[in-house]
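S.K.: Here the UniProt record's numbering is used: position 313 in the sequence shown is 313, and no number is missing along the way.
From the three backbone atoms N, C-alpha and C, an ideal C-beta is built for every residue, glycine too.
Mind having a look at this structure? Questions to follow.
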Amino acid sequence: MELEGAISIADVKTFEVTDNKNQSHDVQVISYFDTISEFDFDSNKMSFSMPFDWNQDLEQLSVIHEEVRVPNTFGEFLSTKYNSYANGVLLPDEVVTIDDYSFDDRTVHMTIYRELIKEIKEEALKTSDSKIDFSIETSDSVKFPLEFATPDYRFKVFLSWEPETIRAGEETTFFVDFDELFSAKTKRLAEYDLSVIQNDEEIYKKHLTGNINSDTPNSHSITFAPEHSGSANIFFSNIDGNSLSKGNFIIVIEPQANSQQSKSLESQEIPIWIKNNAGWWANNSIDDETFVQGIQFLIKQNILQVLSITTQESNSNEIPSWIKNNAGWWASDQLDDETFVQGIQYLIKNGIIVVN
1 MELEGAISIA
11 DVKTFEVTDN
21 KNQSHDVQVI
31 SYFDTISEFD
41 FDSNKMSFSM
51 PFDWNQDLEQ
61 LSVIHEEVRV
71 PNTFGEFLST
81 KYNSYANGVL
91 LPDEVVTIDD
101 YSFDDRTVHM
111 TIYRELIKEI
121 KEEALKTSDS
131 KIDFSIETSD
141 SVKFPLEFAT
151 PDYRFKVFLS
161 WEPETIRAGE
171 ETTFFVDFDE
181 LFSAKTKRLA
191 EYDLSVIQND
201 EEIYKKHLTG
211 NINSDTPNSH
221 SITFAPEHSG
231 SANIFFSNID
241 GNSLSKGNFI
251 IVIEPQANSQ
261 QSKSLESQEI
271 PIWIKNNAGW
281 WANNSIDDET
291 FVQGIQFLIK
301 QNILQVLSIT
311 TQESNSNEIP
321 SWIKNNAGWW
331 ASDQLDDETF
341 VQGIQYLIKN
351 GIIVVN
């Protein structure tokens, strides 16, 4: 009996890319076929090339395997689905596999088998007969579930969530399935730990009990704080009490909708000296213009922040007496902050206070 085999020696190259926040990330491209060259990153797409003779006897090939390792801090390139191309030809979804558990960062595998290479040959030759131009881009569509097998090969874990965009300050429901790989797959209960790690800090942890081998996924809701926007790792560990039954997925927590890092005017603690100014204005110790200029200064300096308000045309810049009365009552703690803020928003809406 004659056995034939081949050993692939990986070509590993590291490239520095800059994201839309002007932050740098090191991306590794690993080829198990030939040398990588012509790397480029543009917005949501990475491209690179590899020598390849499209006119060779393709029956001698088995598979072309490429990997892109993406740092888990590179949030804009972390997606639940990627589109992949070879010489401009869109490849089937099954070519790409997402691996969040073999390394600390994400590995995106591109595996192209011989039959697919033969299928796309004619179209690929229109671009080049001596190389493969690979590209991989984040997809606007979502692909669920994500999955991993635990290192002890006892469980396969599947994860999805709703809504599709995880956003700080809003509740996200995660759905997780645990399937035993080598068993009678009898439905039963098991304990496990769920934790979320961001920047080496544990921002969430809970010990849970859920179903294994069930048609109904386990669900768990989490609301992430505004300061936790960014990429994070969601870990499942100690599944059914086994220390090696573990793994993780990389998720991206988008910033809170319609918010900025500091609080909005409605919820912000207002400095005491603003209250003093309001009292002096109500007592006619300072005039309208001085009071308005003071509020405008605070807004421009981000000491006070306001939500977006559509300004209406007004025939008068005169401040209504009820706002002045409110200011006096607020200064003497007879009126709450919210009511006083409504007066400020009225002045902005009517163009009396101008916010640039």
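#1: Under the DSSP definition of a beta bridge, which residues are partnered with Pro51?
#2: Tell me where the beta strand (DSSP E) around Thr97 begins and ends.
#3: Near Asn218, which residues of its chain fall below 8 Å by C-beta distance, leaving aside the five closest residues on each side in sequence?
#4: Does the beta-carbon of Leu70 have 16 or more other beta-carbons within 10 angstroms, so that it is buried, or is it exposed?
#5: Taking a contact to mean a Cβ-Cβ separation below 8 Å, would you say Val157 touches Phe148 in this structure?
#6: Excluding the five sequence neighbours on either side, which residues of its own chain have a C-beta within less than 6 Å of the C-beta of Leu91, listed in chain order?
#7: What's the C-alpha gap between Leu159 and Phe235?
#8: Report yes or no: do the segment 273-285 and the segment 315-332 share at least 3 C-beta pairs separated by less than 8 Å?
#9: Should Tyr153 be labelled buried (16 or more other beta-carbon atoms within 10 Å of its own) or exposed?
#10: In chain order, what residues of the same chain have a beta carbon less than 8 Å from the beta carbon of Asn233, not counting five sequence neighbours either side?
#11: Roughly how many angstroms separate the alpha carbons of Gly230 and Ile323, rounded to a whole number?
#12: Any chance you could list the beta strand (DSSP E) runs of at least 3 consecutive residues sitting entirely within the segment 225-294, in chain order?
#13: Whose CA, out of Thr339, Ile319 and Glu171, lies closest to the CA of Asn350?
#14: Return the first residue and the last residue of the alpha helix (DSSP H) that Val341 is part of.
#15: Going by beta carbon distance, what residues of the same chain come within less than 7 Å of Tyr113, once the five residues before and after it are set aside?
#16: What do you reckon, are the CB atoms on Gly88 and Thr127 nearer than 8 Å?
#17: Please specify which runs of the beta strand (DSSP E), each continuous and at least 3 residues long, are wholly inside the segment 56-88, giving them in chain order.
#18: Tell me the DSSP secondary structure of Ile36 in three-state form.
#19: Any idea what DSSP makes of Asp177, helix, strand or coil?
#20: Excluding the 5 residues flanking Asp104 on each side, which residues of the same chain have their C-beta closer than 8 Å to its C-beta?
#21: So which of Asp26, Ser37 and Lys206 has the shortest CA-CA distance to Gly75?
#22: How close, in whole Å, do the beta carbons of Asn242 and Asp193 come, if the pair is a contact with beta carbons under 8 Å?
#23: At a cut of 8 Å, does the segment 120-138 reach the segment 161-171 through at least three beta carbon pairs?
#24: Which one of Ile352, Asp140, Thr223 and Leu335 has the shortest CA to CA distance from residue 358?
#25: Starting from the C-beta of Thr14, find all residues in its chain whose C-beta is less than 6 Å away, skip the five residues before and the five after it, and write them out in chain order.
#26: Does the distance from the CB of Val95 to the CB of Thr111 come in under 8 Å?
#27: Tell me the DSSP bridge mates of Asn218?
#28: Specify the secondary structure class of Ile117 as computed by DSSP and reduced to three states.
M.R.: Based on what the coordinates show:
#1: In the DSSP output, where bridge partners are listed per residue, Pro51 has Lys131.
#2: For Thr97, the uninterrupted beta strand (DSSP E) run begins and ends at Val96 to Asp99, by DSSP.
#3: Once the five neighbours on either side are set aside, the close Cβ partners of Asn218 are Phe175, Val176, Asp177, Phe178, Leu208, Gly210 and Asn211.
#4: What sits at residue 70 in the sequence shown is Val, not Leu. Result: buried.
#5: Yes, the Cβ-Cβ distance between Val157 and Phe148 is below 8 Å.
#6: Closer than 6 Å at the Cβ level, and outside the excluded window around Leu91, lie Ser84.
#7: Looking at the two C-alpha atoms, the distance is approximately 11 Å.
#8: In the pairwise beta carbon analysis, the segment 273-285 is classified as touching the segment 315-332: at least three pairs are separated by under 8 Å.
#9: Tyr153 comes out exposed.
#10: So the list reads Asn72, Asp100, Val196, Ile197, Gln198, Asn248, Phe249, Ile250 and Ile251, once near-sequence residues are dropped.
#11: Those two C-alpha atoms are separated by around 41 Å.
#12: Entirely contained in the segment 225-294, the beta strand (DSSP E) runs reaching 3 residues are, in chain order, 230-237 and 247-253.
#13: Checked all of Thr339, Ile319 and Glu171; the closest Cα to Asn350 is Ile319.
#14: Counting along the chain, the alpha helix (DSSP H) containing Val341 begins and ends at Asp337 to Lys349.
#15: If we look at Tyr113 and ignore the five residues flanking it on each side, its Cβ neighbours are Val63.
#16: Yes, the Cβ-Cβ distance between Gly88 and Thr127 is below 8 Å.
#17: Runs of the beta strand (DSSP E) inside the segment 56-88: 63-70 and 82-86.
#18: It is coil, neither helix nor strand.
#19: Here Asp177 sits in strand by DSSP.
#20: Here Asp104 has Asn72 as same chain residues with Cβ atoms under 8 Å from its own Cβ, once five neighbours each way along the sequence are excluded.
#21: Minimum Cα-Cα distance from Gly75 among the listed residues Asp26, Ser37 and Lys206 corresponds to Asp26.
#22: Going by Cβ atoms, the distance from Asn242 to Asp193 rounds to 11 Å, so no, they are not a contact pair.
#23: Touching, no.
#24: Absent from the model: residue 358. The displayed extent of the chain is 1 to 356, so no value can be given.
#25: Within the same chain, Thr14 has close Cβ partners Asp26 and Gln28.
#26: Against a cut-off of 8 Å, the Cβ pair of Thr111 and Val95 comes out as a contact.
#27: DSSP output for Asn218 lists Val176 as bridge partner(s).
#28: Reduced to three states, the DSSP call for Ile117 is helix.
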